[in-house]
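Some notes on the structure that comes next.
Protein chains in written order, with this note's numbering: chain L, 146 to 258; chain D, 3 to 112.
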């Protein structure tokens, strides 16, 4: 099984503070993704990466930035958190490129007060 | 605009009572239609990819089918461990860029 570790798993912060979520994989997969999940909206793609220093925007990228300096790490940064960014954030890797199968991490629950 | 709608929002079943979940889609250039299962507090878990109308895939008590407008996830003789939220998603671009439906929450009681 693929190994994905998200950290932190839970975080409470205040409006206006910066927040960085980390996704670490042990499988050397090329493709990595950040999704957010909110009630009534399902999962929505924030940013994705096709390799080191190769990232692009997804459906809901405003207010978020990402970095990937190593194959195994994909960081999601909220430069100045807002209450609308309260959500559960999931990292995923492209587990099998021929089938489109994604393997998701356990999620990071972020609350912005 | 490409979109996917899942119904019903919630489904309560008795153990052994078969049923179907619906995923209606309006997509130009469908590359793949996906089904995932999500348990509370966990990330989604991949179940199936369907590529073209008429395709069917099975896994244990689950069977996914695809037409040009809908996909169905059939649950045959469900057990309590089949309780989860089932998510439908599609891709029109690169594989990992998925658009998800809101999901169907299934509860199977003994």
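The C-beta atom is built at its ideal place from N, Cα and C for all residues, glycine as well.
Just so you know, these numbers come straight off a predicted model, no measurement behind them.
For the beta strand (DSSP E) containing residue i, name the first residue and the last one.
| i | result |
| --- | --- |
| residue 72 (chain D) | 72-77 |
| residue 24 (chain D) | 21-28 |
| residue 39 (chain D) | 34-40 |
| residue 200 (chain L) | 199-202 |
| residue 61 (chain D) | 58-61 |
| residue 81 (chain D) | Here residue 81 (chain D) belongs to no beta strand (DSSP E), and DSSP marks it neither H nor E. |
| residue 169 (chain L) | 164-170 |
Under 6 Å Cβ to Cβ from residue i, same chain only, skipping five residues before and after it: list those, please.
| i | result |
| --- | --- |
| residue 167 (chain L) | 152 and 220 |
| residue 163 (chain L) | 224 |
Measuring alpha carbon to alpha carbon, tell me which residue in the options is nearest residue i.
| i | options | result |
| --- | --- | --- |
| residue 179 (chain L) | L:224, L:210, L:198 and L:155 | L:210 |
| residue 222 (chain L) | L:175, L:173, L:181 and L:148 | L:181 |
| residue 55 (chain D) | D:27, D:47 and D:48 | D:27 |
| residue 169 (chain L) | L:243, L:148 and L:159 | L:148 |
| residue 198 (chain L) | L:156, L:176 and L:208 | L:176 |
| residue 13 (chain D) | D:82, D:100, D:58 and D:101 | D:82 |
Identify, in the order they occur along the chain, each residue of the same chain with its Cβ nearer than 8 Å to the Cβ of residue i, setting aside the five sequence neighbours on each side.
| i | result |
| --- | --- |
| residue 20 (chain D) | 76, 77, 78, 79 and 80 |
| residue 154 (chain L) | 251, 252, 253 and 254 |
| residue 34 (chain D) | 51, 52, 53, 92, 93 and 97 |
Taking 7 Å as the limit between beta carbons, can you name the residues of its chain near residue i, skipping five residues before and five after?
| i | result |
| --- | --- |
| residue 84 (chain D) | 63, 77, 108 and 110 |
| residue 32 (chain D) | 92 and 94 |
Using a Cβ cut-off of 9 Å, which residues of the segment 203-221 of chain L contact any Cβ in chain D, in chain order?
Within the segment 203-221 of chain L, the residues whose Cβ lies closer than 9 Å to some Cβ of chain D are 203 and 204, listed in chain order.
field: Members of the segment 236-247 of chain L that neighbour chain D once the beta carbon cut-off is set at 9 Å
entry: Under the 9 Å Cβ criterion, the segment 236-247 of chain L contributes 236, 237, 238, 239, 240, 241, 242, 243, 244, 245, 246 and 247.
Closer than 8 Å is the cut-off here; do at least three beta carbon pairs connect the segment 245-257 of chain L with the segment 225-236 of chain L? Result yes; three or more Cβ-Cβ pairs closer than 8 Å.
The segment 60-94 of chain D: positions lying closer than 8 Å to chain L by Cβ: Per Cβ criterion, the list reads 89, 91 and 93.
Does the count of Cβ pairs from the segment 37-57 of chain D and the segment 84-91 of chain D closer than 8 Å reach three? The count of Cβ pairs closer than 8 Å, one atom from the segment 37-57 of chain D and one from the segment 84-91 of chain D, reaches three, so the stretches are in contact.
- Item | Selection of the segment 46-59 of chain D by Cβ proximity to chain L, strictly under 8 Å | Listed by position, the residues of the segment 46-59 of chain D near chain L (Cβ gap below 8 Å) are 46, 47, 48 and 51.
Contacting positions in the segment 97-112 of chain D - beta carbon closer than 8 Å to chain L: Here the close residues are 97, 98, 99, 100, 101, 102, 103, 104 and 105.
Within 9 Å of chain D by C-beta, residues of the segment 150-175 of chain L in sequence order
Residues of the segment 150-175 of chain L with a Cβ closer than 9 Å to any Cβ of chain D, in chain order: 151.
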